[in-house]
Each structure stands twice: as structure tokens, then as C-alpha cells.
Amino acid sequence: MTIKHHPSDETIAAYMGGALDEPSRLVVASHLRLCGHCRATARMLQTAGGVLLEESQPVPLADGALQAVLSRLDADDSEIPVNGVETSNDPDLPASLAPLLQGLPLGKWRSLGIGLKMRTIETGGPSDLRLFMLKAEPGIKLPHHSHTGREWTCVLQGAFRHEHGRFGAGDFDEADDTVEHHPVVEEGERCICIVAMQGRIELQGWLGRLLQPLVRF
Numbered sequence: 039m040t041i042k043h044h045p046s047d048e049t050i051a052a053y054m055g056g057a058l059d060e061p062s063r064l065v066v067a068s069h070l071r072l073c074g075h076c077r078a079t080a081r082m083l084q085t086a087g088g089v090l091l092e093e094s095q096p097v098p099l100a101d102g103a104l105q106a107v108l109s110r111l112d113a114d115d116s117e118i119p120v121n122g123v124e125t126s127n128d129p130d131l132p133a134s135l136a137p138l139l140q141g142l143p144l145g146k147w148r149s150l151g152i153g154l155k156m157r158t159i160e161t162g163g164p165s166d167l168r169l170f171m172l173k174a175e176p177g178i179k180l181p182h183h184s185h186t187g188r189e190w191t192c193v194l195q196g197a198f199r200h201e202h203g204r205f206g207a208g209d210f211d212e213a214d215d216t217v218e219h220h221p222v223v224e225e226g227e228r229c230i231c232i233v234a235m236q237g238r239i240e241l242q243g244w245l246g247r248l249l250q251p252l253v254r255f
């Protein structure tokens, strides 16, 4: 597995500092479990942060804050291949993701159209922050769309392409309200992703505007 697309250093730093909302944190954690490069970046940021703390004036930390950060990184410190690996309890939940979602309510897969299904993951956060999985059959073309907020995606299985490149297993797609794209799933394998979305999607073109009231994610 060759991973080419990674979270920004700022995103990894926010993850390490506990500054991300829960949906975004889980998508970054999904990537870290698969990407040795980003785990190394996280370790480097952890070390740099320790040096800065030693050179700065003491500031009281909340009880358990340091241990929480260290535990978060340790939990993501082993690489698990995802292609073709499934858990025995849920054939649609890749093994790399199962430990991260332990204890979270998982919705049933529901159809969004031919060859495309969505599964919500309840995190108990604000209604405009959502975490879900997408499962798309080979060759499926998603509508051309933009977003009113942030959309972070980690590919768990298969691959898709859009205007900004190819995204295969382990890749991280970091988009915001300035990005428009038209994802197309590659032939040969079903594509499964975990997605954190802030706001809603906006379909483009006259057909998109016609269908917008029917969009459910």
C-alpha cells in the first residue's frame, strides 16, 4: 500500500493537541493507523512540543492532559493493512477502523442511489458535524459538488479519482468550502471511506440544483 495524500502538519498538530472535534479526530486517527509517515510526523511534533515546554514558563495543565495525548498516539501506533481485511463481526467494517469505533452507535447502511450507500456513526456532537462511512461500487460516479464547510475523507478500501488526484487505501482527502470535485470510483474493487463533514454538500449544475432538495447527506 502506497499512501500519497496526507493530512497537513497543522491538522496532525491539532489532532495531537486534542483540538479537533470528534468526527475529524476519528478520520485523522483512521489515517494514522495506516500511515507510518504521519505517525513519524506526530512523534516529531510531540518531541518538538516537549522541547518548547521545557524552554517556556510553566503553565498548569488539566489533569491527565499529557497522558491523554500520549495514549492517543500509542493507540494509532501500529500499521494495519486494509485491502481485503475485514472483521468477523461486521464484513463491511475494515479491521483498521473497528478499534476506533468501539462503543459508538453505528447506523444501518442506507441507499443513496444505485451503487452508493451511507452509514452514519453517532458521536454525540453538534448536528452540523457528522461522521459517516460511504460504500460505493466500482465505476460509480458521485455528483459534481462543493461544500459549505469542511470535508475530511480517509479511504479504507478501494480507490477513487477526482480533479485533485487519485486516492487509494490509506489516503487522506482534506477539502473545504473552496473545493469542488466530482469523485469517480475506480473499477475492480468496491470503495469504502470514512468521512467527517461540517455543513452540507451543494450539488453543481442545473441538474444538481434540481436534485438538491433530495440530498440527504
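The opening residue of the sequence shown carries number 39 in the working numbering; numbering runs sequentially from there.
We put the CB at the ideal spot given by N, CA and C, even for glycine.
Quick check: the Cα distance between residue 155 and residue 145, rounded to an integer number of angstroms? Start at 1 with the first residue of the sequence shown, and residue 155 comes out as number 117. Start at 1 with the first residue of the sequence shown, and residue 145 comes out as number 107. Their Cα atoms are separated by approximately 12 angstroms.
Secondary structure of residue 228, DSSP reduced to three states: Taking the sequence shown and counting its residues from 1, the one referred to as residue 228 is at position 190. Looking at residue 228 - three-state DSSP - the assignment turns out to be coil, as it is neither helix nor strand.
Return the chain-ordered ranges of every beta strand (DSSP E) run that is complete within the segment 144-223 and spans a minimum of 3 residues. 148-151, 154-159, 167-174, 183-185, 189-195, 198-200, 203-205, 210-213
By the 10 Å Cβ neighbour count, where 16 or more other Cβ atoms means buried, how is residue 46 classified, buried or exposed? Your numbering for residue 46 matches position 8 in the sequence shown. With fewer than 16 other Cβ atoms within 10 Å, it is exposed.
Coarse secondary structure for residue 108, derived from DSSP in three states: Within the sequence shown, residue 108 is the residue found at index 70, counting from 1. Per-residue confidence for residue 108 stands at a pLDDT of 48, beneath the threshold of 50, marking its modelled position as unreliable; the derived number appears in the next sentence. Three-state result, residue 108: helix.
What do you reckon, are the CB atoms on residue 43 and residue 205 nearer than 8 angstroms? On the sequence shown, position 5 is the one that residue 43 refers to. On the sequence shown, position 167 is the one that residue 205 refers to. Contact: yes.
With burial defined as no fewer than 16 other Cβ atoms inside 10 Å of the residue's Cβ, what is the status of residue 140: buried or exposed? Counting from one through the sequence shown, the residue named residue 140 turns up at place 102. It counts as exposed.
Buried/exposed call for residue 152, threshold 16 Cβ in 10 Å: Position 114 of the sequence shown holds residue 152. Classification for residue 152: exposed.
Contact set for residue 160: own chain, Cβ-Cβ below 7 angstroms, skip 5 residues either direction: Taking the sequence shown and counting its residues from 1, one reaches residue 160 at position 122. So the qualifying residues of the chain are 142, 143.
Could you pull out every residue in the same chain whose Cβ sits closer than 6 angstroms to the Cβ of residue 180, ignoring the five residues on either side in sequence? Here residue 180 refers to the residue found at position 142 of the sequence shown. Hits under 6 angstroms: 221.
DSSP state of residue 41, grouped into three classes? Your numbering for residue 41 matches position 3 in the sequence shown. The answer is coil: DSSP assigns residue 41 none of H, G, I, E or B.
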